Amino acid sequence: MVSGESWESEGRTRRFSNFRIAEHLALIVLFFSLAVTGLCQKFHYLGVSQFVIGALGGIDSARSLHHMAGVLFTALLLQHAVASFLGVLMFRWKPSMLIALRDAQDAVADVRYYLGIEERPAPQGRFSYKEKFIYWLTFLGGLQMIATGLTLWFPVDAARYMPGQFIAAAKDMHSSDAMLLFLIVVVWHIYDSVLNPEVFPLDKSIFTGFQDPRAEGRGEPLTPPAVKKEGAKPVDGMDAL
Ligand code: HEM
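Mapping of the sequence shown onto numbering that gives the first Met the number 0: residues 0 to 240, in sequence order.
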């Protein structure tokens with residue numbers, strides 16, 4: 000991990016601050032903890048689930064761990080939302096994660112490239128349309144998991160504010176969306192940051208904080224030139240905390 004005093008080191012471009020690196024590590028740990036402790040309940044009849052539940056100390060302990068991870072996941076998501084909102088509101092960062100028309104154009108350009116119609120893939124801004132997709136999916140999907148998870152955790156309190164059918168619906172949503180989120184993260188995000196030939200064996204930028212050198216040559220630079228100057232603060236991006 001890098002110290003972060005400077006936004007350039009040995010000619011490399013700084014892409015993520017230490018805070019964002021830590022945030023992403025926390026997200027990995029919490030997301031997989033929730034997936035393991037939740038999915039072993041959903042598929043409790045499978046041998047592998049029985050093994051996991053046994054290893055976690057039984058079903059009560061697996062549920063408690065799920066609840067604890069859920070609370071930490073909620074805190075992580077809320078601090079991210081508040082910090083990002085305030086950062087943009089106070090003009091410290093540009094809202095570069097917002098979806099724009101250019102993202103749709105880039106997606107079409109990439110499809111044309113993969114079909115062999117274009118010679119080059121779409122040039123990328125600070126965050127590509129693929130990165131924005133997985134970001135918003137995790138963020139909005141996470142909010143939905145929190146809302147339905149809390150409803151399942153406190154059904155009596157929830158029933159004071161909503162019809163009973165909503166609690167049954169929350170159970171179905173929480174359970175099915177867990178599967179959906181898990182599969183999309185594993186298939187899409189792991190492919191994009193690990194197996195994709197453009198970054199294989201791993202795009203390490205979110206762990207080292209520095210731009211992957213292979214991405215520098217792809218279209219326009221991801222970080223504006225000002226950021227590359229010694230000591231310069233990053234100017235473009237909600238990740239620049
Ligand atoms: C990405 C995040 C999450 C995933 C992947 C996930 C996954 C799951 C799964 C698969 C189940 C079992 C559903 C079934 O039996 O069909 C479950 C149950 C449950 N989850 Fe989550 N969950 C997540 C977040 C949360 C959060 C944030 C909370 C609370 C704050 C929460 C609270 C619960 C509760 C209360 C249950 C019911 C079982 C129990 O009492 O332990 N979950 N979760």
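Every residue, glycine too, gets a C-beta built ideally from N, C-alpha and C.
Since the structure is predicted, the reported quantities are computational estimates derived from the model, not experimental observations.
- Taking one beta carbon from each stretch, the segment 150-159 and the segment 168-183 have 3 or more pairs nearer than 8 Å; the two touch.
- Around the beta carbon of residue 65, 16 or more other beta carbons sit within 10 angstroms, so the residue counts as buried.
- If you look at residue 22, you'll find it in the alpha helix (DSSP H) that goes 17-41.
- Beta-bridge annotation (DSSP): residue 13 is paired with 209.
- A direct Cα-Cα distance of roughly 18 Å separates residue 103 from residue 187.
- Distance between residue 69 and residue 29, taken at the CA atoms: about 8 Å.
- Closest in C-alpha terms to residue 79, from the list 182, 201 and 25, comes 25.
- Sequence-distant partners of residue 37 (beyond 5 residues in either direction) whose C-beta falls short of 6 Å from its own C-beta, in its chain, are 65 and 177.
- Not one heavy atom of ligand 1 falls within 7 Å of the beta-carbon of residue 138.
- Between the C-alpha atoms of residue 125 and residue 100 there is a straight-line separation of about 15 Å.
- For residue 203 and residue 138, the gap between their C-alpha atoms comes out near 22 Å.
- Between the segment 189-208 and the segment 13-21 there are three or more inter-stretch CB-CB distances shorter than 8 Å, so the stretches are counted as touching.
- Going by beta carbons, residue 141 and residue 76 fall inside the 8 Å limit.
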